[in-house]
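2 protein chains.
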Amino acid sequence: MRTAFYISDGTAITSEVFGHALLSLFPLEFEHQTISFVETIDKALEAKATINRACARSGEPALVFHTFVNNEIRAVIDSCDGIIYNFLEHFVSPLEAQLGITAKPIAHRTHCIHENSYDHRIDAVNFALANDDGSVITNYEDADIILVGVSRSGKTPSSLYLALQYGIKAANYPFTDDDMEELSLPHFLKAHKKKLFGLTIDAKRLIDIRENRLSHSKYSSARQCRLEVREVEKLYKKEKIPFINTTKFSVEEISAKILNKTGLQRYKY
Amino acid sequence: MRTAFYISDGTAITSEVFGHALLSLFPLEFEHQTISFVETIDKALEAKATINRACARSGEPALVFHTFVNNEIRAVIDSCDGIIYNFLEHFVSPLEAQLGITAKPIAHRTHCIHENSYDHRIDAVNFALANDDGSVITNYEDADIILVGVSRSGKTPSSLYLALQYGIKAANYPFTDDDMEELSLPHFLKAHKKKLFGLTIDAKRLIDIRENRLSHSKYSSARQCRLEVREVEKLYKKEKIPFINTTKFSVEEISAKILNKTGLQRYKY
Numbered sequence: 039m040r041t042a043f044y045i046s047d048g049t050a051i052t053s054e055v056f057g058h059a060l061l062s063l064f065p066l067e068f069e070h071q072t073i074s075f076v077e078t079i080d081k082a083l084e085a086k087a088t089i090n091r092a093c094a095r096s097g098e099p100a101l102v103f104h105t106f107v108n109n110e111i112r113a114v115i116d117s118c119d120g121i122i123y124n125f126l127e128h129f130v131s132p133l134e135a136q137l138g139i140t141a142k143p144i145a146h147r148t149h150c151i152h153e154n155s156y157d158h159r160i161d162a163v164n165f166a167l168a169n170d171d172g173s174v175i176t177n178y179e180d181a182d183i184i185l186v187g188v189s190r191s192g193k194t195p196s197s198l199y200l201a202l203q204y205g206i207k208a209a210n211y212p213f214t215d216d217d218m219e220e221l222s223l224p225h226f227l228k229a230h231k232k233k234l235f236g237l238t239i240d241a242k243r244l245i246d247i248r249e250n251r252l253s254h255s256k257y258s259s260a261r262q263c264r265l266e267v268r269e270v271e272k273l274y275k276k277e278k279i280p281f282i283n284t285t286k287f288s289v290e291e292i293s294a295k296i297l298n299k300t301g302l303q304r305y306k307y
Numbered sequence: 039m040r041t042a043f044y045i046s047d048g049t050a051i052t053s054e055v056f057g058h059a060l061l062s063l064f065p066l067e068f069e070h071q072t073i074s075f076v077e078t079i080d081k082a083l084e085a086k087a088t089i090n091r092a093c094a095r096s097g098e099p100a101l102v103f104h105t106f107v108n109n110e111i112r113a114v115i116d117s118c119d120g121i122i123y124n125f126l127e128h129f130v131s132p133l134e135a136q137l138g139i140t141a142k143p144i145a146h147r148t149h150c151i152h153e154n155s156y157d158h159r160i161d162a163v164n165f166a167l168a169n170d171d172g173s174v175i176t177n178y179e180d181a182d183i184i185l186v187g188v189s190r191s192g193k194t195p196s197s198l199y200l201a202l203q204y205g206i207k208a209a210n211y212p213f214t215d216d217d218m219e220e221l222s223l224p225h226f227l228k229a230h231k232k233k234l235f236g237l238t239i240d241a242k243r244l245i246d247i248r249e250n251r252l253s254h255s256k257y258s259s260a261r262q263c264r265l266e267v268r269e270v271e272k273l274y275k276k277e278k279i280p281f282i283n284t285t286k287f288s289v290e291e292i293s294a295k296i297l298n299k300t301g302l303q304r305y306k307y
């Protein structure tokens, strides 16, 4: 199997996203290998040897996606036996021309602690944890958004993703079995109605997820799952709470859809 | 101020990473705007109008970073008044030539729920939450890694990032004041010594963070912070636990360094 390398003098996250986006266009399997923090010539030589070994082993040149700030280190990687895909190279000159200034590459600028949004993001993670699953209902004043939905509809991972990636303070509140008789909006949520965003999920998928967690229980029964989904969707419509069905979406997609639908401002770009 | 747009028929996460990596090379401020899920010609026309308004407002062409799968929708965006940076375009042909097959773009392949790793990632998030902050010490058998360190050294956000981004099951355990007299490794950690990874932090930064959280307390006092940092670092060295100082690093960097130092295999690429 051919190996795809993602290499950088920093986290290599950008190289990974770039390479992954390209390779996902091809219905092929690859070995993936990240080599991060290649900050010295010695480390670059080591990385080059690793790439060359992979080329020799598979009999095909490895694909090397990289971003480097330092030209000497980059030159070492560029001299390997793999095929180099350097995405910065193609865009820096046209951008310099358009912006009328010269690029000033500084290592670790993309994923560093010095970006303005960093403290926001960590605060948001702490907020999401402290206000997960309805554990505390007194901080909603400080929330940017409050995700509501039945248990296992995707509230917690989405809250954490919104916090980590975008610095958005997301609380979440579960509607549980006890709420289901004549489901209505609790007063502490009603007071922050504009912040509410509903998640729902197909009953069939919900049964699967809950069976995995607590099999042969009332919680995971078809009857209960269908009841809960039906009741929350009725509530969302009655109270005009925007909502999405998460059945077919990843946390990345759920989070992006929430931003898209609410127009919520993120702190990180 | 010039506007940078990140546009896609999916989450636009790839466009954001791509555009952000390029713009971070330039010491300039930009307005940022993401337009995600542009899945129809109508939405593309709307996005185009938004871009054109931004160009007219600032008197300078907007920068438009995009990835599209559908050519007709892309053509609408390409006809806007902004400058288009289409990073897929430059790399698809050379990759096709190298791989010997034609690219088969499928919408939502990059950040979708169908990737093999998705359930791993959600399980890992649940694991990180259930095993946060030493709350449970009986699941370490199932952990891929156990982060240890003093309170506020970055354990929790790093555990969550490792889970969400890489599908790695990270537990974390805090050394607290009670442990500090003759700090030694508790037996339940000793049993999983190969999974331990230490975080440390400069006492000065730790004081700042703790002051912010609980000011004028023993917890945030210079004396206490210095003692805790000194003791855990002594322990890491004595027990040969690999560790990093997180003072100057973001969660992305901490997580990437942990992967780099441990060789831990991730589930998601």
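Protein chains in written order, with this note's numbering: chain U, 39 to 307; chain Z, 39 to 307.
All C-beta atoms in this analysis are idealised placements derived from N, C-alpha and C, irrespective of residue type, glycine included.
For Z:Ala-87, the closest Cβ of chain U is not nearer than 9 Å. Contact annotation for U:Gln-136 against chain Z: Pro-99, Leu-101 and Ile-121 [CB-CB distance below 8 Å, chain order]. Annotation: the region 96–177 of chain U contains the following complete segments of the beta strand (DSSP E) (minimum length 3 residues), in chain order: 101–105 and 121–124. U:Ile-206: not part of any beta strand (DSSP E); DSSP gives it neither H nor E. Under the three-pair Cβ rule at 8 Å, the region 165–176 of chain Z counts as touching the region 200–218 of chain Z.
Here the alpha carbons of Z:Ser-96 and Z:Glu-277 stand approximately 59 Å from one another. Inter-residue distance for U:Arg-243 and U:Ile-122 is about 42 Å (C-alpha atoms, whole angstroms). Annotation: U:Ile-45 to Z:Arg-264 spans about 37 Å, alpha carbon to alpha carbon. Check the Cα spacing between U:Pro-280 and each of U:Gln-303, U:Asp-246, U:Gly-187 and U:Asp-217: the tightest is with U:Gly-187.
Listed in chain order, the positions of the region 169–202 of chain U with a beta carbon within less than 8 Å of a beta carbon of chain Z are Asp-170, Thr-194, Pro-195, Leu-198, Tyr-199 and Leu-202.
The C-beta of U:Arg-304 has 16 or more other C-beta atoms within 10 Å across all chains shown, which makes the residue buried.
Within the DSSP secondary-structure output, Z:Glu-69 pairs in a beta bridge with Z:Thr-41. For U:Asn-283, the closest Cβ of chain Z is not nearer than 9 Å. At a beta-carbon threshold of 7 Å, the residues of chain Z lying near U:Leu-63 are Val-130, Ala-141, Lys-142 and Pro-143, ordered along the chain.
At a beta-carbon threshold of 8 Å, the residues of chain U lying near Z:Ser-74 are Ala-294, Lys-295, Leu-297 and Asn-298, ordered along the chain.
Cα atoms of Z:Ala-294 and U:Tyr-257: separation of roughly 38 Å, rounded to the nearest angstrom. Residue pairing from DSSP leaves U:Asn-298 without any beta-bridge partner. Neighbours of Z:Val-267 across chain U, judged by C-beta separation under 8 Å, do not exist; the nearest C-beta is about 18 Å away.
Within the same chain, Cβ atoms closer than 7 Å to the Cβ of U:Thr-214 are found at Ser-189, the five residues on either side in sequence being excluded. Look at Z:Ile-239: its C-beta is not under 9 Å from any C-beta on chain U.
Between the region 42–60 of chain Z and the region 221–235 of chain U there are fewer than three inter-stretch CB-CB distances shorter than 8 Å, so the stretches are not counted as touching.
Residues of chain U with a Cβ closer than 8 Å to the Cβ of Z:Ile-51 are, in chain order, Val-55, Glu-290 and Ala-294. U:Leu-83 has a beta carbon lying at 9 Å or more from every beta carbon in chain Z. No Cβ of chain U is located within less than 9 Å of the beta carbon of Z:Asn-90.
Around the beta carbon of U:Phe-287, 16 or more other beta carbons lie within 10 angstroms, which makes this residue buried. Within the same chain, Cβ atoms closer than 8 Å to the Cβ of U:Ala-201 are found at Arg-159, Ala-162, Val-163, Phe-165, Ala-166, Lys-207 and Ala-208, the five residues on either side in sequence being excluded. Its chain contains Lys-256 as the residues whose beta carbon lies nearer than 6 Å to that of Z:Gln-262, once the 5 sequence neighbours on both sides are disregarded; these appear in chain order.
The C-beta of U:Ser-196 has 16 or more other C-beta atoms within 10 Å across all chains shown, which makes the residue buried.
U:Phe-125 reaches chain Z at Phe-56, Ala-59, Leu-60, Phe-125, His-128 and Phe-129, counting residues in chain order whose Cβ is nearer than 9 Å. What U:Ile-160 touches in chain Z, judged by beta-carbon distance under 8 Å, is Pro-195 and Val-289, going in chain order. When C-beta atoms of the region 69–76 of chain U are compared with those of the region 84–93 of chain U, three or more pairs fall below 8 Å, so the two segments count as touching.
In this structure, U:Ile-139 sits near Z:Leu-66, with a CB-CB distance shorter than 9 Å. If you look at U:Thr-238, you'll find it in the beta strand (DSSP E) that goes 234–238. Check the Cα spacing between U:Ser-222 and each of U:Asp-246, U:Lys-272 and U:Leu-252: the tightest is with U:Lys-272. In the DSSP secondary-structure assignment, U:Leu-185 is bridged to U:Asn-210 and U:Phe-235.
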